[in-house]
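Input: a single structure, listed below in structure tokens.
Protein chains in written order, with the working numbering: chain F, 782 to 1081; chain R, 172 to 496.
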């Protein structure tokens, strides 16, 4: 532990700016992944333990599309669309069979998919680290804000994540399909009785969740090294975010993700060894004092 | 009459256990392969651990994702006591049980307030917290490297567990004793209240069962048995390593339970054997262990839809086991 280093950092504007932006990046990417997780849980009451794998596959897909087309944005789009399709197949052929089953059965199926996909990635892309590298359009000198170094790409990442998150929020809050999704989260039988095709709806929700994770993976590809198994740490972190924000709450996920990102980036300065421990402590405290999370609806 | 039947069953179980130990003790004379003994030792450790988790999952309906913390706590406490203090092995064994029990009371008191997926998450968080402590407290635990330097003074009642064969028989004895004790626990009135809580918690409470007390008790008991599995593992690997307290350990136990059969007492032990066999066979055949194991798990989960032993019990026309699908 090094509390003085942490104090030095928060009192220096350059360190404060640098750490805040890196915390925000981690937080925003985490938010996209966790938003999909919480959406799927909110509507289907399924904990998608394979969600980190969606993120990983999205990153690899984006990497390959980028290699072929040379366009970063096409890569991100490819990651998102590819994982939307993957989400639909995953729901249709695997998860649909264990609706209502014990959570252990769901865990088992997801874990099998995680194992299979990690190895498929090894076969297709090789077991070693892959680096996408910074896309050419972002290879520009960094900005200096209050003495802190901020690569412009970071700001673009934060803005795009916010846009996607905002789009999701508006879709859920204002459109008809958003209304149906919220109604299905509340009472799927009634929605079904009203003549709405919930089977299709569930596929759609998984597509949206997959797309969010795939987009996050694609967006993150230039600043993360791609490895088989990279999905796991983000899975655990998005669980923490989902639990703290309240399972099923998108807004809660946003706040929790940003807080977690900041804890991470400042924690690495103060106590690099115990940053993860801090996150688990936060999760335990929230779970025990308010199991529904900060912004979740009360659970019975 | 009923108590007579119970007594007969106890004696039958003890007899079967002794028979298993006797057979295992003879086998190395016929098949002198060291790999077989290693397999039995690992299997004993993991089977005890998986069966202890099933006290929670199968019998009480508490799906813990963090049971590995007690397995890991067993390895670390035992290895530390043996390395840092001068106590004899049996004393270290008992002290580890005590440490685990005290920890489990504290952890359990927090966790059992939650239900379903929230219970699963809070136990996972607890385990990961303990894992973080182990990783960051380098001075005590060796951090990433783990506790190296071996386990000294490995003798129990004059038997040197440093010898492979002795450790092999010892772990078989510990396994059988542990299984017999757990078997006895689930067959008592206490075991009946566990199943009642699993099936209908509210009704159990109305019938006068103090639900939180029963849940906490079974949480502590299962933790203690998990730590016994951890101690056998600690003797086998001569120390304690962070992987033994990380989340995949909990995952292994869960898969052993689900594959072996959640509704049968011996299901988790059978599942452990299948999982370890798969592990050994598949890793020898292909480097794509995950791919093969994943496909096998999918076949199990979607085809059989229940554990092997549950499947067999149902096929033989036995009472319908408490399936999970």
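In this text, a Cβ means the ideal position worked out from N, Cα and C, and glycines have one as well.
Remember, it's a predicted structure, so these values are computed and weren't measured experimentally.
- Residue burial is scored here from C-beta neighbours: residue 960 of chain F has fewer than 16 other C-beta atoms within 10 angstroms and is therefore classed as exposed.
- Secondary structure note for residue 924 of chain F: it is in no alpha helix (DSSP H), and the uninterrupted beta strand (DSSP E) holding it is 924-926.
- Per the DSSP secondary-structure output, residue 470 of chain R pairs with nothing in a beta bridge.
- Residue pairing from DSSP places residue 318 of chain R in a beta bridge opposite R:411.
- Residue 432 of chain R carries a coil assignment under DSSP once its states are collapsed to helix, strand and coil.
- Around the beta-carbon of residue 812 of chain F, 16 or more other beta-carbon atoms lie within 10 Å, marking it buried.
- Between residue 1029 of chain F and residue 988 of chain F, the C-beta gap is not smaller than 9 angstroms, which leaves the two residues out of contact.
- Your pair residue 218 of chain R and residue 419 of chain R does not check out as a contact, with CB atoms roughly 17 angstroms apart and the cut at 8 angstroms.
- Under the three-state reduction of DSSP output, residue 401 of chain R falls in the helix class.
- Contact between the segment 792-803 of chain F and the segment 925-940 of chain F is established, with three or more Cβ pairs separated by less than 8 angstroms.
- Counting C-beta atoms within 10 angstroms of its own C-beta, residue 326 of chain R has fewer than 16 neighbours from the protein chains shown and is therefore classed as exposed.
- In this chain, the beta strand (DSSP E) harbouring residue 929 of chain F covers 929-931.
- Between residue 188 of chain R and residue 347 of chain R, the C-beta gap is smaller than 9 angstroms, which places the two residues in contact.
- Under the three-state reduction of DSSP output, residue 451 of chain R falls in the helix class.
- Contact of residue 303 of chain R with chain F by beta-carbon distance below 7 angstroms involves 1055, 1057, 1058 and 1061.
- Those residues of the segment 1001-1025 of chain F placed with their C-beta closer than 8 angstroms to a C-beta in chain R are 1017, 1020, 1021 and 1024, ordered along the chain.
- Taken in chain order, the members of the segment 460-480 of chain R whose beta-carbon sits within less than 7 angstroms of a beta-carbon on chain F are 461, 462, 464, 465, 466, 468, 469, 472 and 473.
- With respect to the 9 angstroms criterion, residue 998 of chain F and residue 841 of chain F are classified as neighbours on the basis of their beta carbons.
- Taking C-beta separations shorter than 6 angstroms and ignoring five residues to either side along the sequence, the partners of residue 409 of chain R in its chain run 321 and 322, following chain order.
- When the alpha-carbon of residue 806 of chain F is set against those of F:883, F:954, F:942 and F:854, the nearest one is in F:942.
- If you look at residue 366 of chain R, you'll find it in the alpha helix (DSSP H) that goes 360-370.
- CA-to-CA, the gap between residue 991 of chain F and residue 803 of chain F works out to about 25 angstroms.
- Beta-bridge partners assigned by DSSP to residue 331 of chain R: R:326.
- As a beta-bridge residue in DSSP terms, residue 1007 of chain F pairs with F:911.
- DSSP places residue 234 of chain R outside both helix and strand once states are collapsed to three, so it counts as coil.
- Around the beta-carbon of residue 370 of chain R, fewer than 16 other beta-carbon atoms lie within 10 Å, marking it exposed.
- Taking a Cβ-Cβ threshold of 9 angstroms, the residues of chain R close to residue 1069 of chain F are 281, 282, 284, 285 and 293, in chain order.
- Closer than 9 angstroms to the CB of residue 394 of chain R there is not a single CB belonging to chain F.
- In chain order, 884 and 885 make up the part of chain F whose C-beta sits under 7 angstroms from the C-beta of residue 234 of chain R.
- Listed along chain F, the residues sitting closer than 9 angstroms to residue 425 of chain R by beta-carbon distance are 885, 888, 889 and 892.
- The way I'd put it, the segment 393-411 of chain R does touch the segment 238-250 of chain R; three or more beta-carbon pairs between them come closer than 8 angstroms.
- Taking 9 angstroms as the CB threshold, residue 1044 of chain F stays off the interface with chain R.
- Counting only Cβ-Cβ distances below 9 angstroms, residue 429 of chain R has contacts in chain F at 883, 885, 886, 888 and 889, in chain order.
- In this structure, residue 844 of chain F lies away from residue 1011 of chain F, with their beta-carbon atoms at least 9 angstroms apart.
- Put simply, the backbone Cα of residue 298 of chain R is about 27 angstroms away from that of residue 787 of chain F.
- When Cβ pairs closer than 8 angstroms are counted between the two stretches, the segment 426-434 of chain R is seen to touch the segment 223-236 of chain R, the count reaching three or more.
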